[in-house]
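In this note's numbering, the protein residues as written are 1 to 52.
Below is one structure, written out as structure tokens; the observations come after it.
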């Protein structure tokens, strides 16, 4: 997807994702790009815990 706010750097990208996906009422998970050991199972566990 294209940035809604070009030139605003990473925060503009995060805001674009939030504005785009909040309509669907899904959680938006934002991780730093330098997390080579990020595990999707851990992210899923956090999202699941927040839903309870």
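Glycine residues also receive a C-beta, built at the ideal position from the N, C-alpha and C atoms.
None of these values were measured; they are calculated from a predicted model.
> Tell me which same chain residues have a C-beta within less than 6 Å of the C-beta of residue 18, skipping the five on either side of it?
Replying inline: Translated into positions along the chain shown, residue 18 becomes position 18. Only 28 meet the Cβ criterion.
> Straight-line CA distance for residue 49 to residue 35?
Replying inline: As a working note, residue 49 is residue 49 in the chain shown. As a working note, residue 35 is residue 35 in the chain shown. Straight-line Cα distance between these residues: approximately 21 Å.
> Within this structure, are the beta carbons of residue 13 and residue 3 separated by less than 8 Å?
Replying inline: Sequence index remark: in the chain shown, residue 13 carries index 13 (1-based). Sequence index remark: in the chain shown, residue 3 carries index 3 (1-based). Going by C-beta atoms, residue 13 is nearer than 8 Å to residue 3.
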